[in-house]
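**Q** For reference, the structure I am asking about is given below.
There are 2 protein chains.
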Amino acid sequence: MIFRLNPSSGIPLYLQLMEQVKHSVETGALREGDQLPTIRRLAEDLVMNPNTVVRAYRELEHEGVVKLKHGSGAFIKESASGRARLIHKAQTVIQSTVERLLSLGLTEDELRRAFENELAQTRSSRRSKALTEGKP
Amino acid sequence: MIFRLNPSSGIPLYLQLMEQVKHSVETGALREGDQLPTIRRLAEDLVMNPNTVVRAYRELEHEGVVKLKHGSGAFIKESASGRARLIHKAQTVIQSTVERLLSLGLTEDELRRAFENELAQTRSSRRSKALTEGKP
DNA sequence: CAACGTGTACTAGTCTATCGACACACTATG
DNA sequence: CATAGTGTGTCGATAGACTAGTACACGTTG
Chain A
1 MIFRLNPSSG IPLYLQLMEQ VKHSVETGAL REGDQLPTIR RLAEDLVMNP NTVVRAYREL
61 EHEGVVKLKH GSGAFIKESA SGRARLIHKA QTVIQSTVER LLSLGLTEDE LRRAFENELA
121 QTRSSRRSKA LTEGKP
Chain B
137 MIFRLNPSSG IPLYLQLMEQ VKHSVETGAL REGDQLPTIR RLAEDLVMNP NTVVRAYREL
197 EHEGVVKLKH GSGAFIKESA SGRARLIHKA QTVIQSTVER LLSLGLTEDE LRRAFENELA
257 QTRSSRRSKA LTEGKP
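From first to last, the protein sequence lines stand for chains A and B. Just so you know, we're using our numbering here: the first sequence kicks off at 1 and counts up by one. Just so you know, we're using our numbering here: the second sequence kicks off at 137 and counts up by one.
In structure tokens, the structure reads:
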């Protein structure tokens with residue numbers, strides 16, 4: 001449950017914190033129902049403003065990873081572990097694909113771009129498919 | 137050779153322009169040696185500042201897609217088509233992987249995150265591998 | 001029911017990315 | 001060799017993201 005952030009990495013602190021929480025859930029270090037550190041407590045430990053921790057926690061709540069309870073604290077949501085396992089499986093598939101494409105000679109940036117293009121492409125086709133099937 | 141940008145999409149104009157140029161190369165609409173529109177001409181057509189076109193062109197040059205010739209114009213680089221074909225092949229592989237993972241129930245954001253994680257992971261292992269093999 | 005600990009809300013400062021205005025330097029062309 | 005058309009460079013304005021400071025509201029606990 002020790003989070004370590006890098007203030008000079010260029011990556012926003014609240015994003016780094018979100019990453020670490022998600023990662024802890026995926027590795028099982030944090031389980032359903034576990035309480036996260038208090039906002040103030042964590043802010044003090046990491047030497048940053050409580051609002052930055054709030055930002056991270058609130059976005060994690062928005063993503064369905066944690067549940068904030070006014071007056072009590074922040075807790076790992078029920079469904080979080082299941083999704084974590086799903087994502088962990090996906091990681092294997094992604095790994096082999098990425099390795100294959102990199103070995104073909106693609107640069108990391110080219111790979112990222114092709115991936116984003118594919119998401120955009122698939123997104124629009126999913127939309128039209130949902131429409132024809134009557135699932136808005 | 138008609139580029140169409142969306143000023144209110146939240147995506148920077150110079151990035152949108154870069155995308156369109158790259159896409160044109162990948163589809164074959166732009167071939168090796170072809171001249172791109174003049175900076176001022178394109179800026180006028182797209183109703184934006186010449187500097188924004190410059191930004192796009194310069195980054196494309198940095199990526200090896202185009203070659204800027206002082207006094208003459210901007211041209212598609214020699215090696216660009218070859219890379220475009222490579223990327224086009226990669227797109228097929230990526231497509232099947234993305235579709236498979238989406239059908240497993242992953243959200244787009246989860247997929248994106250897992251992908252970025254994989255890149256970071258692979259990046260660090262590539263680094264250490266290069267070191268042990270003496271290829272800095 | 002009081003007091004402490006929790007998350008919440010509002011406001012403001014700072015920094016960076018993006019885009020724009022304008023003057024400079026090179027090159028083809030007649 | 002002049003001129004028009006090309007890319008190059010410098011500077012500034014603006015908007016948005018990120019972080020911080022401070023006061024408020026709810027809930028648990030004795």
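Idealized CB from N, CA, C, for every residue including glycine.
Between which two residues does the alpha helix (DSSP H) carrying residue 225 (chain B) extend?
**A** As a first step, residue 225 (chain B) must be located in the second sequence, where it is residue number 89. Unbroken alpha helix (DSSP H) run through residue 225 (chain B): 216-239.
**Q** Assuming the contact rule is C-beta atoms closer than 8 Å, residue 32 (chain A) and residue 76 (chain A) should be a hit. Round their C-beta distance to whole Å, please.
**A** Numbered from its first residue, the first sequence carries residue 32 (chain A) at position 32. Numbered from its first residue, the first sequence carries residue 76 (chain A) at position 76. Right, their Cβ atoms sit about 6 Å apart.
**Q** Just tell me which of A:114, A:87, A:73 and A:38 has its CA closest to the CA of residue 245 (chain B).
**A** The residue labelled residue 245 (chain B) in the question sits at position 109 within the second sequence. Measuring from the Cα of residue 245 (chain B), the nearest candidate turns out to be A:87.
**Q** Does the distance from the CB of residue 192 (chain B) to the CB of residue 242 (chain B) come in under 9 Å?
**A** If you number the second sequence from 1, residue 192 (chain B) lands on position 56. If you number the second sequence from 1, residue 242 (chain B) lands on position 106. Contact: no.
**Q** Using the Cβ count rule (16 or more neighbours within 10 Å means buried), how would you classify residue 259 (chain B)?
**A** As a first step, residue 259 (chain B) is located in the second sequence; it is residue number 123 there, counting from the start. Per the 10 Å Cβ criterion, exposed.
**Q** Assuming contact is defined by CB atoms lying nearer than 9 Å, are residue 65 (chain A) and residue 21 (chain A) in contact in what I supplied?
**A** If you number the first sequence from 1, residue 65 (chain A) lands on position 65. If you number the first sequence from 1, residue 21 (chain A) lands on position 21. Contact flag set, yes.
**Q** Mind checking whether residue 121 (chain A) and residue 231 (chain B) have CB atoms under 9 Å apart?
**A** Residue numbering aside, residue 121 (chain A) sits at position 121 when the first sequence is read from its first letter. Residue numbering aside, residue 231 (chain B) sits at position 95 when the second sequence is read from its first letter. For residue 121 (chain A) and residue 231 (chain B), yes; Cβs fall inside 9 Å.
**Q** DSSP state of residue 74 (chain A), grouped into three classes?
**A** Taking the first sequence and counting its residues from 1, one reaches residue 74 (chain A) at position 74. Residue 74 (chain A) falls in the strand class under three-state DSSP.
**Q** May I ask you to report which of helix, strand or coil DSSP gives residue 255 (chain B)?
**A** The count along the second sequence starts at 1 and reaches residue 255 (chain B) at position 119. In the structure shown, residue 255 (chain B) sits in a helix (DSSP, three-state: H, G or I).
**Q** How should residue 79 (chain A) be labelled, buried or exposed, when 16 other C-beta atoms within 10 angstroms of its C-beta is the threshold for buried?
**A** Your numbering for residue 79 (chain A) matches position 79 in the first sequence. Answer is exposed; the Cβ neighbour count stays below 16.
**Q** At least one CB of chain B closer than 9 Å to the CB of residue 46 (chain A): is that the case?
**A** Locating residue 46 (chain A) in the first sequence gives position 46, where the first residue counts as 1. Judged by the 9 Å Cβ criterion, residue 46 (chain A) is not in contact with chain B.
**Q** Considering only their Cβ atoms, is the gap separating residue 184 (chain B) from residue 160 (chain B) smaller than 9 Å?
**A** The residue labelled residue 160 (chain B) in the question sits at position 24 within the second sequence. The residue labelled residue 184 (chain B) in the question sits at position 48 within the second sequence. No, they are not a contact pair.
**Q** I'd like to know whether the C-beta of residue 20 (chain A) is nearer than 9 Å to at least one C-beta of chain B.
**A** Here residue 20 (chain A) refers to the residue found at position 20 when the first sequence is read from its first residue. Residue 20 (chain A) does not count as touching chain B.
**Q** Under DSSP, the beta strand (DSSP E) around residue 68 (chain A) begins and ends at which residues?
**A** Start at 1 with the first residue of the first sequence, and residue 68 (chain A) comes out as number 68. Note, residue 68 (chain A): beta strand (DSSP E), 66-69.
**Q** Cα-Cα, which of B:233, B:249 and B:225 is closest to residue 104 (chain A)?
**A** On the first sequence, position 104 is the one that residue 104 (chain A) refers to. If we check each option's Cα against that of residue 104 (chain A), B:225 comes out closest.
**Q** Label residue 130 (chain A) either buried or exposed according to how many other C-beta atoms from any shown protein chain fall within 10 Å of its C-beta, with 16 as the threshold for buried.
**A** Indexing the first sequence from 1 puts residue 130 (chain A) at position 130. Residue 130 (chain A) comes out exposed.
**Q** Can you find a C-beta in chain B that's less than 9 Å from the C-beta of residue 95 (chain A)?
**A** Translated into positions along the first sequence, residue 95 (chain A) becomes position 95. Yes, contact with chain B.
**Q** Residue 233 (chain B) and residue 209 (chain B): beta carbons closer than 9 Å?
**A** The sequence position of residue 233 (chain B) within the second sequence is 97, counting from 1. The sequence position of residue 209 (chain B) within the second sequence is 73, counting from 1. No, the Cβ-Cβ distance between residue 233 (chain B) and residue 209 (chain B) is not below 9 Å.
**Q** From the DSSP output, which residues share a beta bridge with residue 35 (chain A)?
**A** By 1-based counting over the first sequence, the position of residue 35 (chain A) is 35. Partner(s): A:75.
**Q** What separation, rounded to the nearest whole angstrom, lies between the Cα atoms of residue 252 (chain B) and residue 115 (chain A)?
**A** Stepping through the second sequence from its first residue, residue 252 (chain B) is reached at position 116. Stepping through the first sequence from its first residue, residue 115 (chain A) is reached at position 115. Distance between the alpha carbons of residue 252 (chain B) and residue 115 (chain A): 10 Å.
**Q** Expressed to the nearest angstrom, what Euclidean distance is found between the alpha-carbon atoms of residue 61 (chain A) and residue 91 (chain A)?
**A** Walking along the first sequence from the start, residue 61 (chain A) turns up at place 61. Walking along the first sequence from the start, residue 91 (chain A) turns up at place 91. Cα to Cα, residue 61 (chain A) sits roughly 23 Å from residue 91 (chain A).
**Q** Just by C-beta distance, which residues in the stretch 245-267 of chain B are closer than 9 Å to chain A?
**A** Listed by position along the chain: 245, 246, 247, 248, 249, 250, 251, 252, 253, 254, 255, 257, 258, 259 and 262.
**Q** Smallest Cα separation from residue 166 (chain B): which of B:195, B:217 and B:177?
**A** Position 30 of the second sequence holds residue 166 (chain B). The shortest Cα separation from residue 166 (chain B) among B:195, B:217 and B:177 belongs to B:217.
**Q** Nearest to residue 229 (chain B) by CA position, among A:46, A:41, A:111 and A:36, is which residue?
**A** For the purposes of this step, residue 229 (chain B) is taken as the residue at position 93 of the second sequence. Minimum Cα distance to residue 229 (chain B) is reached at A:111.
**Q** Indicate whether residue 194 (chain B) and residue 204 (chain B) have their beta-carbon atoms separated by less than 9 Å.
**A** As a first step, residue 194 (chain B) must be located in the second sequence, where it is residue number 58. As a first step, residue 204 (chain B) must be located in the second sequence, where it is residue number 68. Their beta carbons are under 9 Å apart, which means residue 194 (chain B) touches residue 204 (chain B) by this criterion.
**Q** Which value, in whole angstroms, describes the spacing of the CA atoms of residue 263 (chain B) and residue 63 (chain A)?
**A** Along the second sequence, one-based indexing puts residue 263 (chain B) at 127. Along the first sequence, one-based indexing puts residue 63 (chain A) at 63. About 33 Å.
**Q** Should residue 83 (chain A) be flagged as near chain B, meaning a C-beta pair shorter than 9 Å?
**A** As a working note, residue 83 (chain A) is residue 83 in the first sequence. Judged by the 9 Å Cβ criterion, residue 83 (chain A) is in contact with chain B.
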